[in-house]
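Colleague: Here it is, the structure in full.
Number of protein chains: 2
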Amino acid sequence: MASGGRAPLTMPFAAWARERQQRIEHVLERVLPGDDATATRLAAAMRYATLGGGKRVRPLLVYAASEAGQAAPERADACAAAVELIHAYSLIHDDLPCMDDDSLRRGKPTCHIAFDVATALLAGDALQSLAFAVLARGLPDDADACGVLAESVGVAGMAGGQQLDLDAAGTALGADSLAQLHMMKTGALIRASVRLGARCGRAMSDHETQALDRYARAAGLAFQVVDDILDVEGSSASLGKTAGKDAAQHKATFVVLLGLAGAKARAAELREEAHAALAPLGADARRLSELADFLVLRNR
Amino acid sequence: MASGGRAPLTMPFAAWARERQQRIEHVLERVLPGDDATATRLAAAMRYATLGGGKRVRPLLVYAASEAGQAAPERADACAAAVELIHAYSLIHDDLPCMDDDSLRRGKPTCHIAFDVATALLAGDALQSLAFAVLARGLPDDADACGVLAESVGVAGMAGGQQLDLDAAGTALGADSLAQLHMMKTGALIRASVRLGARCGRAMSDHETQALDRYARAAGLAFQVVDDILDVEGSSASLGKTAGKDAAQHKATFVVLLGLAGAKARAAELREEAHAALAPLGADARRLSELADFLVLRNR
Chain A
-6 MASGGRAPLT MPFAAWARER QQRIEHVLER VLPGDDATAT RLAAAMRYAT
44 LGGGKRVRPL LVYAASEAGQ AAPERADACA AAVELIHAYS LIHDDLPCMD
94 DDSLRRGKPT CHIAFDVATA LLAGDALQSL AFAVLARGLP DDADACGVLA
144 ESVGVAGMAG GQQLDLDAAG TALGADSLAQ LHMMKTGALI RASVRLGARC
194 GRAMSDHETQ ALDRYARAAG LAFQVVDDIL DVEGSSASLG KTAGKDAAQH
244 KATFVVLLGL AGAKARAAEL REEAHAALAP LGADARRLSE LADFLVLRNR
Chain B
-6 MASGGRAPLT MPFAAWARER QQRIEHVLER VLPGDDATAT RLAAAMRYAT
44 LGGGKRVRPL LVYAASEAGQ AAPERADACA AAVELIHAYS LIHDDLPCMD
94 DDSLRRGKPT CHIAFDVATA LLAGDALQSL AFAVLARGLP DDADACGVLA
144 ESVGVAGMAG GQQLDLDAAG TALGADSLAQ LHMMKTGALI RASVRLGARC
194 GRAMSDHETQ ALDRYARAAG LAFQVVDDIL DVEGSSASLG KTAGKDAAQH
244 KATFVVLLGL AGAKARAAEL REEAHAALAP LGADARRLSE LADFLVLRNR
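First to last, the sequence lines map onto chains A and B. Read in order, the letters of the first sequence correspond to residues -6 to 293 in the numbering used here. Read in order, the letters of the second sequence correspond to residues -6 to 293 in the numbering used here.
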């Protein structure tokens, strides 16, 4: 364990999260291209869309899972950066006119508004490849890490879920189809975050790995259910993105399917599932457990 | 050396290239998602944009470079597929309305015409991640391969070059700036193809690795110069993409800067440079040498 790296377990969750959010900000600043890039405008768009915003949920999951495997945070930095770079790319492309056509993200104009559509397209593309570059360079002894990340992003993961979302426009999805869509669209990258964090630490038994995956599935779905609730209950100002968008677009959401009270009950149930899944990992899983609470109890 | 794998050196180039083109088609068919994908429409768009077309220049470079390192083609399949998947993704995004807004590619409607813009965007995104998945799974002992590919695709490579191309619209680029743009936009992936192919084979000396990089730089630039010549001299039917596009868009090209005869002389010069660079590699570099001829003497 590197000295000064791992935060003491007595630290309250909010302080731990703040420390890790600052940490990932520095890591992202270091790996993103700077003013010396030949393609200056592209570098600026990549930095604009990635730095200084967001809850950094996926990096927090990486760090928390790495602590469950007793890894020092230094070891997890590359994974934490890679999943956030992927997330940033997906937000840029999601906001494009041909997709959700959104103008507000993380409390500021979306990338294609601040720059232009072509630059935003390329910034998303380049953030995706940067994620793999950072991961390959950061974990040179672990090619499989790139495989884990790549599969969570592709046709069987995030991109596939986004396509299901497009296909669902104007149709009435059932609860199972909606859960499947979200298990791919946001759940796959959340599961990858936990898996990548865990592989930074000590070797785990299959039993422990499966426990982490059950945790990640429950936490990932809870995250989405709460997103749907916040889209109804939150304001654009507090969310930093357009509120009420789901209803305006007649999208299937957990609130539409289960009602507001039903969605809240489902979120609470998934939070309990996430907690229960962590039992085999003991006290080292504390930050993961707290993160499940954070994902469900957040107000933005 | 695997039996039946490496083609005999007595085989004429055209037969070798045809055999490798068929080989990469089978590899791509195997790694692309099929009808059983949950996101059926996305899988179909990915297959549409990747299969059954193109000269497969980058996979040929991978196979030729792997032969220079005495590798069996089986060892190079993953690298060959990865670079072609990246190329296919870049063509989809390049053709989008916000970029070149093109409707014809490889002799058929572009992906966003055959499907829709949002699906085409996601198909490009998912092809990029598939490239890294294939590479990570195919070369599990070589995480650095993902790093080499990722860096050729990102802000310092292909995406950066595309941004420079956008930035150059309506301005008068000089020959050096145009060469720099193309060294990034198409050259970086061509250099990565040669590097990835070479690392499939025996360990090489720095001297040999540098020789291959010199070859790839010359061959990559020659490829682009010839592209500019064909855009003037070819027809849409023979090219399988819109001819005369550069002039219509008032783009800086090597033909505009050097004249048609000057561009042809430059292509011939670069072909000689590519040949000369291969000297340290001896007879094993035969296919690379022939490929330089193919890139310059092609008519589509």
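Ideal Cβ placement from N, Cα and C applies to all residues, glycine included. These numbers were taken from a predicted model, which means no experiment stands behind them.
When DSSP labels each residue in this structure, what does residue 253 of chain A get in the three-state scheme?
Modeller: Counted from its first residue, the first sequence places residue 253 of chain A at position 260. Helix.
Colleague: To the nearest angstrom, how far is it from the Cα of residue 283 of chain A to the Cα of residue 60 of chain A?
Modeller: Position 290 of the first sequence holds residue 283 of chain A. Position 67 of the first sequence holds residue 60 of chain A. One C-alpha to the other measures close to 13 Å.
Colleague: Between the region 197 to 216 of chain B and the region 252 to 270 of chain B, do three or more beta carbon pairs fall short of 8 Å?
Modeller: The region 197 to 216 of chain B, when compared against the region 252 to 270 of chain B, does touch it at the 8 Å Cβ threshold.
Colleague: Using DSSP bridges, identify the partner residues of residue 97 of chain B.
Modeller: For the purposes of this step, residue 97 of chain B is taken as the residue at position 104 of the second sequence. Paired residue(s): B/102.
Colleague: Using the three-state DSSP reduction, which class does residue 198 of chain B fall into: helix, strand or coil?
Modeller: Here residue 198 of chain B is taken as the residue at index 205 of the second sequence, counted from 1. Coil, per DSSP.
Colleague: For the alpha helix (DSSP H) that contains residue 33 of chain A, what are its first and last residues?
Modeller: Residue numbering aside, residue 33 of chain A sits at position 40 when the first sequence is read from its first letter. Element bounds for residue 33 of chain A: 33 to 43.
Colleague: Quick check on residue 22 of chain B: buried or exposed, where buried means 16 or more other Cβ atoms within 10 Å of its Cβ?
Modeller: As a working mapping, residue 22 of chain B is identified with position 29 in the second sequence. The residue is exposed, with fewer than 16 neighbouring Cβ atoms inside 10 Å.
Colleague: Mapping DSSP to helix, strand and coil, what is residue 63 of chain A?
Modeller: Against the first sequence, residue 63 of chain A aligns to sequence position 70. Coil, per DSSP.
Colleague: Looking at residue 86 of chain A: is its Cβ nearer than 8 Å to the Cβ of residue 117 of chain A?
Modeller: Residue 86 of chain A sits at position 93 when you count from the first residue of the first sequence. Residue 117 of chain A sits at position 124 when you count from the first residue of the first sequence. It is a contact, given that the beta carbons lie within the stated cut-off.
Colleague: Count the other CB atoms within 10 Å of the CB of residue 195 of chain A; is the residue buried (16 or more) or exposed (fewer)?
Modeller: For the purposes of this step, residue 195 of chain A is taken as residue 202 along the first sequence, with counting starting at 1. Looking at its Cβ environment, which holds fewer than 16 other Cβ atoms inside 10 Å, residue 195 of chain A is exposed.
Colleague: Quick check: residue 182 of chain B and residue 291 of chain B, are their CB atoms within less than 8 Å of each other?
Modeller: Looking up residue 182 of chain B in the second sequence gives position 189. Looking up residue 291 of chain B in the second sequence gives position 298. In this structure, residue 291 of chain B does not lie closer than 8 Å to residue 182 of chain B by Cβ.
Colleague: First and last residue of the alpha helix (DSSP H) that includes residue 126 of chain A?
Modeller: As a first step, residue 126 of chain A must be located in the first sequence, where it is residue number 133. Counting along the chain, the alpha helix (DSSP H) containing residue 126 of chain A begins and ends at 110 to 131.
Colleague: Between the beta-carbon of residue 179 of chain A and the beta-carbon of residue 216 of chain A, is there less than 8 Å?
Modeller: Along the first sequence, read from residue 1 onward, the residue named residue 179 of chain A stands at position 186. Along the first sequence, read from residue 1 onward, the residue named residue 216 of chain A stands at position 223. Contact flag set, yes.
Colleague: Along chain B, which residues have their Cβ under 9 Å away from the Cβ of residue 86 of chain A?
Modeller: Indexing the first sequence from 1 puts residue 86 of chain A at position 93. Within 9 Å Cβ-Cβ: 114, 115 and 118.
Colleague: If you draw a straight line from the alpha carbon of residue 144 of chain B to that of residue 158 of chain A, how long is it in whole angstroms?
Modeller: Within the second sequence, numbered from 1, the residue matching residue 144 of chain B stands at position 151. Within the first sequence, numbered from 1, the residue matching residue 158 of chain A stands at position 165. Residue 144 of chain B and residue 158 of chain A: Cα-Cα distance of roughly 31 Å.
Colleague: With a 10 Å radius around its C-beta and 16 neighbouring C-beta atoms as the bar for buried, classify residue 246 of chain B as buried or exposed.
Modeller: Residue mapping note: residue 246 of chain B aligns to position 253 of the second sequence, counting from 1. By the neighbour-count rule (16 or more Cβ atoms within 10 Å), residue 246 of chain B is buried.
Colleague: Would you decide whether residue 198 of chain B is buried or exposed? Buried here means 16 or more other CB atoms lie within 10 Å of its CB.
Modeller: Taking the second sequence and counting its residues from 1, the one referred to as residue 198 of chain B is at position 205. Burial call: exposed.
Colleague: Just the Cα atoms here: how many angstroms apart are residue 54 of chain A and residue 68 of chain A?
Modeller: Residue 54 of chain A sits at position 61 when you count from the first residue of the first sequence. Residue 68 of chain A sits at position 75 when you count from the first residue of the first sequence. Near 14 Å, if we compare the C-alpha coordinates of residue 68 of chain A and residue 54 of chain A.
Colleague: Taking 8 Å as the CB-CB cut-off, is residue 147 of chain B touching chain A?
Modeller: Here residue 147 of chain B refers to the residue found at position 154 when the second sequence is read from its first residue. Chain A contact via Cβ: present.
Colleague: By how many angstroms is the C-alpha of residue 25 of chain A removed from the C-alpha of residue 244 of chain B?
Modeller: The residue labelled residue 244 of chain B in the question sits at position 251 within the second sequence. The residue labelled residue 25 of chain A in the question sits at position 32 within the first sequence. If I take the Cα positions, the gap works out to 30 Å.
Colleague: Going by beta carbon distance, what residues of the same chain come within less than 7 Å of residue 248 of chain B, once the five residues before and after it are set aside?
Modeller: Indexing the second sequence from 1 puts residue 248 of chain B at position 255. Excluding sequence neighbours, residue 248 of chain B sits near 221, 222, 225 and 256.
Colleague: Taking three-plus beta-carbon pairs below 8 Å as touching, is the region 138 to 154 of chain B in contact with the region 36 to 44 of chain B?
Modeller: Judged by Cβ distances under 8 Å, the region 138 to 154 of chain B makes no contact with the region 36 to 44 of chain B, as fewer than three pairs qualify.
Colleague: Check whether the Cβ atoms of residue 192 of chain B and residue 138 of chain B lie closer than 8 Å to each other.
Modeller: Position 199 of the second sequence, counted from the start, is the residue given in the question as residue 192 of chain B. Position 145 of the second sequence, counted from the start, is the residue given in the question as residue 138 of chain B. Cβ atoms of residue 192 of chain B and residue 138 of chain B: closer than 8 Å.
Colleague: Using only CA atoms, which one of B/153, B/172 and B/103 lies nearest to residue 29 of chain A?
Modeller: Position 36 of the first sequence, counting from 1, holds the residue named residue 29 of chain A. It is B/153 whose Cα lies nearest to the Cα of residue 29 of chain A.
Colleague: Short of 6 Å in beta carbon distance, which residues of its chain neighbour residue 11 of chain B, apart from the five on each side in sequence? Order them along the chain.
Modeller: The count along the second sequence starts at 1 and reaches residue 11 of chain B at position 18. None.
Colleague: Go through its chain and collect everything with a Cβ distance to residue 99 of chain B's Cβ below 6 Å, but skip five positions before and after it.
Modeller: Counted from its first residue, the second sequence places residue 99 of chain B at position 106. So the list reads 46, 47 and 233, once near-sequence residues are dropped.
Colleague: Within this structure, are the beta carbons of residue 79 of chain B and residue 142 of chain B separated by less than 8 Å?
Modeller: On the second sequence, position 86 is the one that residue 79 of chain B refers to. On the second sequence, position 149 is the one that residue 142 of chain B refers to. The answer is yes: Cβ separation under 8 Å.
Colleague: By DSSP, does residue 192 of chain A sit in helix, in strand, or in coil?
Modeller: In the first sequence, residue 192 of chain A corresponds to position 199, counting from 1. Three-state DSSP puts residue 192 of chain A in a helix.
Colleague: Mind listing the chain A neighbours of residue 122 of chain B? Cutoff is C-beta to C-beta under 9 Å, in chain order.
Modeller: Residue 122 of chain B sits at position 129 when you count from the first residue of the second sequence. Near residue 122 of chain B (Cβ distances below 9 Å), the residues of chain A are 79, 121, 125, 142, 143, 144, 145, 146, 147, 148, 150, 151 and 152.
Colleague: Are the C-beta of residue 281 of chain A and some C-beta of chain B separated by less than 8 Å?
Modeller: Residue mapping note: residue 281 of chain A aligns to position 288 of the first sequence, counting from 1. Judged by the 8 Å Cβ criterion, residue 281 of chain A is not in contact with chain B.
Colleague: Any idea what DSSP makes of residue 92 of chain A, helix, strand or coil?
Modeller: On the first sequence, position 99 is the one that residue 92 of chain A refers to. In this structure, residue 92 of chain A counts as coil in the three-state DSSP scheme.
Colleague: Report yes or no: is there a C-beta of chain A within less than 8 Å of the C-beta of residue 63 of chain B?
Modeller: Your numbering for residue 63 of chain B matches position 70 in the second sequence. For residue 63 of chain B, the answer is no, since every Cβ of chain A falls outside 8 Å of its Cβ.
Colleague: By DSSP, does residue 178 of chain B sit in helix, in strand, or in coil?
Modeller: Translated into positions along the second sequence, residue 178 of chain B becomes position 185. Correct three-state label for residue 178 of chain B: helix.
Colleague: Closest by CA to residue 9 of chain B, which one among B/66, B/172 and B/32?
Modeller: Here residue 9 of chain B refers to the residue found at position 16 of the second sequence. Nearest option by C-alpha distance: B/66.
Colleague: Could you give the residue range of the alpha helix (DSSP H) that holds residue 138 of chain B?
Modeller: Counting from 1 along the second sequence, the entry for residue 138 of chain B is found at position 145. From DSSP, the alpha helix (DSSP H) with residue 138 of chain B extends over 136 to 146.
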